[in-house]
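Here's the structure, in structure tokens; my notes come after.
2 protein chains.
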Amino acid sequence: MNLIMLFEEDFLAPGRVRLEGRRFSHVSSVHRAALGDSLTVGILNGRMGVGIVTRLDQDALELDVRLDQDPPPKLPLTLILALPRPKVLNRALAAATSLGVARIVLLNAWKVEKSYWKSPRLTQENLMRQQVLGLEQAKDTMLPELRLVRFFRSFVEDELPFLVKDTLALVAHPGSTGPCPRCVSKPTTLAIGPEGGWLDAEVQSLINAGFQPIDLGPRILRVETAVATLVGRIF
Amino acid sequence: MNLIMLFEEDFLAPGRVRLEGRRFSHVSSVHRAALGDSLTVGILNGRMGVGIVTRLDQDALELDVRLDQDPPPKLPLTLILALPRPKVLNRALAAATSLGVARIVLLNAWKVEKSYWKSPRLTQENLMRQQVLGLEQAKDTMLPELRLVRFFRSFVEDELPFLVKDTLALVAHPGSTGPCPRCVSKPTTLAIGPEGGWLDAEVQSLINAGFQPIDLGPRILRVETAVATLVGRIF
């Protein structure tokens, strides 16, 4: 937690917040904060700054906060991820958020098991929690836009051609001939398949929508590792 | 598990192996393998190929294996990681291995808590297991060289200048002025600090040993995310 995320409901008065629960525990046991200490804070979808510890109780603390900094810029990247299995979803979402991805679409694909869509990890509450963890890690406050899309075909055929217009659109697909572009500064859309890979027909639909397939070499990476490697390579 | 790792002791006869335990469970419940199915296999630190399921019992299976492929090349990268906290160590080690890092040094640093060195995750057995998981993920068989180094100073002052000779040596340090080099083809040494960062004195010691500091921007990434992003950027 390199930034303590604040929410509107934490404010006792303008510039004064009270923290309990997870954030209090973290600040007291990991930061080992004492009265007068200064912590990095930010308000969700707002500005960042510092909070000075003005009160420290057994189960809560209060901070005087000054929010005078802008959060870091996002990457101009829309990440389209075939919905990962639940165990992997949290890590992938937090990692993509920490990297500064601007928009994340969790998309269905043939090799996404139907049961994944019923996972309790897909609740709004859990998705938000993972994103907040990623923001707190990276010292950012701006939630990425997040969409869940159950219907591959209508999304890819009807919506995606408009969404990728004027962006560099890439689909990671082992065995493609295209190398991965580097040092890109224009808006980019990047599609990463499920654990078993995209079907050839799915890749073809993405190509029809304006994507170019890229190959990442012989190694098969976990989705969160692949996302980070591609972000490092492309931007 | 994109490759099933085989060990010498799995062989019943040349070209014939018997699997029980973790690998059997995975093959039967995830791959849902049946008699005659073909699986990607490889022998630890050796060649890769296919295994045909020739026998399927309740708690074991047998494969006829043909090992006729070389594993993918490693990245010419030595990764020097300040020992991560135990919870993070497994993921970082598996991720670095899956990315193809050739050599990994887990190094002490001022902000590495002493207790980390006593973690049961540092047993030879666990370290090997995490590396094997990374190899199985990436379809590779070659263990990276792994060293644990308890003494920062003697390592950095006495050994490191020789180890980094003729390599591009980079130390990730927020606030440095150097941008991260890209598309490097020469051997590289990359040092990544602990969660609280390197001390300035530690960075200076690394500079004296031949490293150049690089800055990764305002976002603070988890160690496994930072490793993947840097590998994507540098190579």
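As given, the protein sequences belong to chains A and B, one line each in that order.
So the mapping is simple: the working numbering equals the position in the first sequence, first residue as 1, plus 103.
So the mapping is simple: the working numbering equals the position in the second sequence, first residue as 1, plus 103.
By construction, the Cβ of each residue, glycine as well, lies at the ideal position given by its N, Cα and C atoms.
In the segment 225-240 of chain B, which residues sit with their C-beta less than 8 Å from some C-beta in chain A, listed in chain order? GLN240
Which term fits GLY335/A, buried or exposed, when burial requires 16 or more other beta carbons within 10 angstroms of its beta carbon? Taking the first residue of the first sequence as 1, we reach residue 335/A at position 232. Buried, because 16 or more other Cβ atoms sit within 10 Å of the Cβ of GLY335/A.
Beta-carbon neighbours of PRO175/B, restricted to chain A and to distances below 8 Å: Walking along the second sequence from the start, residue 175/B turns up at place 72. Result: GLY320, PRO321 and ARG322.
LEU182/A and ILE207/A - do their beta-carbons sit closer together than 9 Å? Start at 1 with the first residue of the first sequence, and residue 207/A comes out as number 104. Start at 1 with the first residue of the first sequence, and residue 182/A comes out as number 79. In contact: ILE207/A and LEU182/A (Cβ atoms closer than 9 Å).
Would you call the CB atoms of ARG119/B and THR143/B closer than 9 Å? Taking the second sequence and counting its residues from 1, the one referred to as residue 119/B is at position 16. Taking the second sequence and counting its residues from 1, the one referred to as residue 143/B is at position 40. Against a cut-off of 9 Å, the Cβ pair of THR143/B and ARG119/B comes out as no contact.
Which of helix, strand or coil DSSP assigns to VAL204/B: Along the second sequence, one-based indexing puts residue 204/B at 101. In the structure shown, VAL204/B sits in a strand (DSSP, three-state: E or B).
Determine the direct distance from the alpha carbon of ALA116/B to that of ARG169/B, and round the result to whole angstroms. Locating residue 169/B in the second sequence gives position 66, where the first residue counts as 1. Locating residue 116/B in the second sequence gives position 13, where the first residue counts as 1. Those two C-alpha atoms are separated by around 13 Å.
Closest by CA to GLN234/A, which one among SER257/A, VAL204/A, VAL259/A and ARG253/A? Locating residue 234/A in the first sequence gives position 131, where the first residue counts as 1. Comparing Cα positions, the closest option is VAL204/A.
With distances taken from CA atoms, which of LYS177/B, GLU260/B, LEU210/B and THR292/B is nearest GLN307/B? Here residue 307/B refers to the residue found at position 204 when the second sequence is read from its first residue. Minimum Cα distance to GLN307/B is reached at GLU260/B.
Residues sharing a beta bridge with PRO62/B, DSSP: Since the first residue shown for chain B is 104 and the last is 338, residue 62/B is missing from the structure and cannot be characterised.
Out of LEU210/B, LEU271/B and GLY296/B, state which residue places its alpha-carbon closest to the alpha-carbon of ARG256/B. As a working mapping, residue 256/B is identified with position 153 in the second sequence. Measuring from the Cα of ARG256/B, the nearest candidate turns out to be LEU210/B.
Same chain, Cβ closer than 7 Å to LEU309/B, five either side skipped, listed in chain order: Position 206 of the second sequence holds residue 309/B. Correct list, in chain order: VAL259, VAL274 and ALA294.
Chain B beta carbons: is any one of them nearer than 9 Å to that of ASN148/A? For the purposes of this step, residue 148/A is taken as residue 45 along the first sequence, with counting starting at 1. It does not; no Cβ of chain B falls within 9 Å.
For the candidate residues LYS289/B, PRO321/B and SER201/B, whose alpha-carbon lies nearest to that of ARG232/B? Translated into the one-based positions of the second sequence, residue 232/B becomes position 129. For ARG232/B, the nearest C-alpha among the options comes from SER201/B.
The beta strand (DSSP E) spanning VAL120/B covers which residue range? Position 17 of the second sequence, counted from the first residue, corresponds to residue 120/B. VAL120/B -> beta strand (DSSP E) spans 119-122.
Would you be able to state if there are at least three C-beta pairs under 8 Å between the segment 149-165 of chain A and the segment 211-221 of chain A? Because the criterion of three Cβ pairs below 8 Å is not met, the segment 211-221 of chain A and the segment 149-165 of chain A do not touch.
Tell me which residues share the same chain as LYS289/B and place their Cβ nearer than 6 Å to its Cβ, disregarding the 5 neighbours each side in the sequence. Within the second sequence, residue 289/B is the residue found at index 186, counting from 1. LEU271.
Three-state secondary structure (DSSP) of MET104/A: For this step, residue 104/A is matched to residue 1 along the first sequence. Three-state result, MET104/A: coil.
Integer-rounded CB distance, given that ILE317/A should sit under 8 Å from ARG285/A: What you label residue 285/A is simply residue 182 of the first sequence in a count that begins at 1. What you label residue 317/A is simply residue 214 of the first sequence in a count that begins at 1. Wrong, their Cβ atoms sit about 11 Å apart, outside the cutoff.
Which first and last residues belong to the beta strand (DSSP E) in which THR328/B is found? One-based indexing of the second sequence puts residue 328/B at position 225. First-last for THR328/B: 326-337, but that is the alpha helix (DSSP H), not the beta strand (DSSP E).
Residues that ASP243/A contacts on chain B, provided the C-beta gap is smaller than 9 Å: One-based indexing of the first sequence puts residue 243/A at position 140. Those within 9 Å of ASP243/A in chain B are PRO321 and ARG322.
If you reduce the DSSP assignment to three classes, tell me which class PHE99/A lands in. Outside the shown range of chain A (104 to 338) lies residue 99/A, about which nothing can therefore be said.
Which chain B residues are close to ARG285/A, counting only those with a beta carbon under 7 Å from its beta carbon? For the purposes of this step, residue 285/A is taken as the residue at position 182 of the first sequence. Those within 7 Å of ARG285/A in chain B are ARG285 and CYS286.
Contact set for GLY278/B: own chain, Cβ-Cβ below 8 Å, skip 5 residues either direction: Within the second sequence, residue 278/B is the residue found at index 175, counting from 1. These residues qualify, in order along the chain: ASP318.
With a threshold of 9 Å between beta-carbons, can ASN105/B be considered close to chain A, or not? The sequence position of residue 105/B within the second sequence is 2, counting from 1. Chain A, which has a Cβ nearer than 9 Å to the Cβ of ASN105/B, makes this yes.
Chain-ordered chain B contacts of LEU333/A [CB-CB under 7 Å]: Here the question's residue 333/A lines up with position 230 in the first sequence. The answer, in chain order, is GLY335.
State yes or no: is the C-beta of SER141/A within less than 9 Å of the C-beta of LEU159/A? Here residue 141/A refers to the residue found at position 38 of the first sequence. Here residue 159/A refers to the residue found at position 56 of the first sequence. No, the Cβ-Cβ distance between SER141/A and LEU159/A is not below 9 Å.
Which chain E residues are close to LEU202/A, counting only those with a beta carbon under 8 Å from its beta carbon? The structure shown contains no chain E; its protein chains are A and B.
Outcome for PRO223/B when other beta-carbon atoms lying within 10 angstroms are tallied against a minimum of 16: For the purposes of this step, residue 223/B is taken as the residue at position 120 of the second sequence. Flag for PRO223/B reads exposed.
Other residues of its chain near GLN172/B: CB distance less than 7 Å, five sequence neighbours each side excluded: Taking the first residue of the second sequence as position 1, residue 172/B is located at position 69. Around GLN172/B: ARG150, MET151 and GLY152.
So what does ALA116/A bridge to, in DSSP terms? Position 13 of the first sequence, counted from the first residue, corresponds to residue 116/A. Looking at the DSSP assignment, ALA116/A forms a beta bridge with ARG119/A.
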